[in-house]
Amino acid sequence: MDRAAAAAPRPRLIVALTGATGIVYGVRLLQHLQRLGTVQTHLLLSPAGVLNLQVEMGLGRKAVEALADVVHPVGDIGASIASGSYATVGMVVAPCSMRTLAAIAHGLCDDLITRAADVCLKERRRLVVLPREAPLNLAHLRNMTAVTEMGGVIFPPLPAFYLRPDSIESMVDSSLARVLDLLGIAHDLGTEWTGKRSN
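If you're matching positions, the sequence shown starts at 0 in numbering that gives the first Met the number 0 and goes up one per residue.
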């Protein structure tokens with residue numbers, strides 16, 4: 000499925016949805032990117048991610064695949080995004096399960112999600128990982144440290160309450176605005192904080 004083939008070239012962004020809770024982060028990211036139309040999205044959806052779609056949002060695989068420009072099966076290790084010669088602006092894993100985090104941290108390229116992440120790290124492209132787990136054990140923390148040391152960005156999706164969010168969607172979008180900032184992708188999800196004086 001490649002609806003972007005006939006369009007003008009756009010920067011490519013890989014978006015992976017895995018089995019951690021918080022699948023709404025990946026879905027809303029895809030919705031916003033489709034609406035903005037400024038990047039070509041390459042979707043990876045793990046089997047546990049499909050289960051989360053059903054449990055947390057009542058969605059099926061096809062509904063989410065329709066939000067992406069290109070969809071890759073996670074078992075297709077020969078896909079374009081498995082090669083560093085295929086240029087992308089980077090990759091977002093939203094949400095990121097602890098299994099996926101561990102595989103990235105240890106270079107276990109056993110599926111296309113972890114291979115694409117490995118490519119981003121080796122090519123010095125932006126890799127933004129939204130881990131969802133609580134509480135964190137020492138293995139989780141060490142894996143986050145390893146990914147950071149390799150150049151990835153660990154971005155726990157925590158709400159910014161100083162923005163006074165009034166819905167789950169606004170809390171999610173405030174995190175996604177920061178993710179898009181990290182990738183250098185222009186958006187309309189919010190304005191930058193300009194400061195506030197204390198009384």
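The beta-carbon is built from N, C-alpha and C at its ideal position, and this holds for glycine as well.
If we call anything under 8 Å between Cβ atoms a contact, is PRO72 one with GLN39? no
Return the residue from the list ALA116, VAL54 and SER84 that minimises the CA-CA distance to CYS95. ALA116
Could you tell me which uninterrupted beta strand (DSSP E) segments, each at least 3 residues in length, are contained entirely in the stretch 43 to 91, listed from first to last along the chain? 69 to 71
Secondary structure of THR144, DSSP reduced to three states: helix
Rounded C-alpha distance that separates ASN198 from GLY21: 36 Å
So, for ARG27: in the same chain, excluding its five sequence neighbours on each side, which residues have a beta-carbon less than 8 Å away from its beta-carbon? GLU168, VAL171, ASP172 and LEU175
For the stretch 78 to 91 against the stretch 117 to 127, do three or more pairs of beta-carbon atoms, one drawn from each stretch, fall closer than 8 Å, so that the two count as touching? yes
Between the stretch 154 to 164 and the stretch 39 to 53, are three or more C-beta pairs nearer than 8 Å? no
Helix or strand or just coil, what does DSSP make of HIS139? helix
Taking all protein chains shown into account, do 16 or more other C-beta atoms lie within 10 angstroms of the C-beta of ASN136, making it buried, or fewer, making it exposed? exposed
Measuring alpha carbon to alpha carbon, tell me which of VAL178, ASN142 and ARG163 ends up nearest ARG154. The displayed chain sequence assigns Phe, not Arg, to residue 154. Of the candidates VAL178, ASN142 and ARG163, the one whose C-alpha sits nearest the C-alpha of PHE154 is VAL178.
Throw me the rounded Cβ distance for the ALA67 and LEU35 pair, which I believe falls under 8 Å. The pair is not a contact, with the Cβ atoms about 13 Å apart (cut-off 8 Å).
Look at the Cβ atom of VAL63, then the Cβ atom of LEU29, and state whether they are nearer than 8 Å. yes
Contact check, ALA101 vs VAL14, beta carbons under 8 Å: no
Apart from the five residues just before and just after LEU188, which ones in its own chain have a Cβ nearer than 8 Å to its Cβ? HIS31, ASP172, SER173, LEU175, ALA176 and LEU179
Could you check how far apart the C-beta atoms of VAL54 and ALA104 are, in whole angstroms? I think they sit under 8 Å. Contact flag wrong, Cβ pair sits at about 26 Å.
Excluding five sequence neighbours on each side, which residues of the same chain lie with their C-beta closer than 6 Å to the C-beta of ARG125? GLY89 and LEU182
Element boundaries [alpha helix (DSSP H), containing ILE9]: At residue 9 the sequence reads Arg, which differs from the Ile that was named. ARG9 -> no alpha helix (DSSP H), and no H or E assigned at all.
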